[in-house]
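Asks: Residue numbers (mature numbering (1 follows the signal peptide of the UniProt record, and there is no 0)): -19 to -1, 1 to 245. Structure incoming, see below.
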């Protein structure tokens, strides 16, 4: 989550490169606000005005708005000075979060594929609310040798990857060292494939993937006690990690949630 504050601004607002950006342009009668984003998924921006003296807005304030993927100049709102106002001013702040916080709803009956090739079964070593590291999450850990082919459990677009780490261990100290692929789904959720092998990512950011496409190779990076794949589906969380339970299409044709200790 990003949180920024701006005073009276008549020139474009610039943030760090490769980040969501809000900027303004002044006309003879209004100040127009726009957004741009380098990311391949929706973002939510929340705008509040701490000072709004003798000003009018084109939309109700405070405002929560959705930024489109790869937006270059998306109109957000316009403000203007009230007629005959001798003094005026404004002070605003905004924050943005990954995903659509307004309307995203997980398709609970969607039949996910098992996130690996079906040449052999793998034991679910830790399931939902597991005692080792899943105490508050709907996350799944599949035991498997390093180098196992990982496939997309659901179609979507790749929005983020990491594959440069060769570090891992059974301590939270390694939590940021895991390699991963993050995929944005059509319902606004995100599929996270974690603990991948160093240089084991087989997709690129911006790539559209189909269900069953190869996306990487399993590994043992990050907070990990043994080689495995960590998989979870996340909702946009306003800075929090919100996971949802998922159902899988199994070899016997059934669609159901997986059970810790079973092999699939």
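Don't be surprised by glycine CBs; every beta carbon is placed ideally from N, CA and C.
Here's the rule: buried if 16 or more other CB atoms are within 10 angstroms of the residue's CB, otherwise exposed. What is residue 184?
Replies: It counts as buried.
Asks: Do you know offhand how far residue 245's Cα is from residue 227's?
Replies: Each residue's alpha carbon lies about 15 Å from the other.
Asks: Below 8 Å CB to CB, which residues in the same chain sit around residue 234 once its five sequence neighbours on both sides are set aside?
Replies: If we look at residue 234 and ignore the five residues flanking it on each side, it has no Cβ neighbours.
Asks: Quick check on residue 240: does DSSP put it in helix, strand or coil?
Replies: The answer is coil: DSSP assigns residue 240 none of H, G, I, E or B.
Asks: If distances are taken between C-alpha atoms only, which option among 176, 65 and 85 comes closest to residue 47?
Replies: The option with the nearest alpha carbon to residue 47 is 85.
Asks: Please classify residue 153: does DSSP put it in a helix, a strand, or coil?
Replies: Of the three classes helix, strand and coil, the one that applies to residue 153 here is helix, per DSSP.
Asks: Can you tell which of 110, 149 and 28 has the C-alpha that lies nearest to the C-alpha of residue 240?
Replies: With distances taken between Cα atoms, residue 240 lies closest to 110.
Asks: What ranges does the beta strand (DSSP E) occupy inside the segment 32 to 101, keeping only unbroken runs of at least 3 residues that lie completely in it?
Replies: Whole beta strand (DSSP E) segments, 3+ residues: 36 to 38, 44 to 48, 55 to 62 and 70 to 79.
Asks: Could you tell me whether the Cβ atoms of residue 58 and residue 40 are closer together than 7 Å?
Replies: Their beta carbons are under 7 Å apart, which means residue 58 touches residue 40 by this criterion.
Asks: By the 10 Å Cβ neighbour count, where 16 or more other Cβ atoms means buried, how is residue 122 classified, buried or exposed?
Replies: Buried, because 16 or more other Cβ atoms sit within 10 Å of the Cβ of residue 122.
Asks: Taking the CB atoms as reference points, tell me whether residue 69 and residue 62 lie closer together than 7 Å.
Replies: Yes, the Cβ-Cβ distance between residue 69 and residue 62 is below 7 Å.
Asks: Would you kindly report the start and end of the unbroken beta strand (DSSP E) that includes residue 176?
Replies: Element bounds for residue 176: 171 to 182.
Asks: Determine the direct distance from the alpha carbon of residue 67 to that of residue 155, and round the result to whole angstroms.
Replies: Taking the straight line joining both Cα atoms gives about 58 Å.
Asks: Going by beta-carbon coordinates alone, are residue 36 and residue 71 separated by less than 7 Å?
Replies: Contact: yes.
Asks: What residues match up with residue 17 in a beta bridge as DSSP calls it?
Replies: DSSP lists 2 as partners of residue 17.
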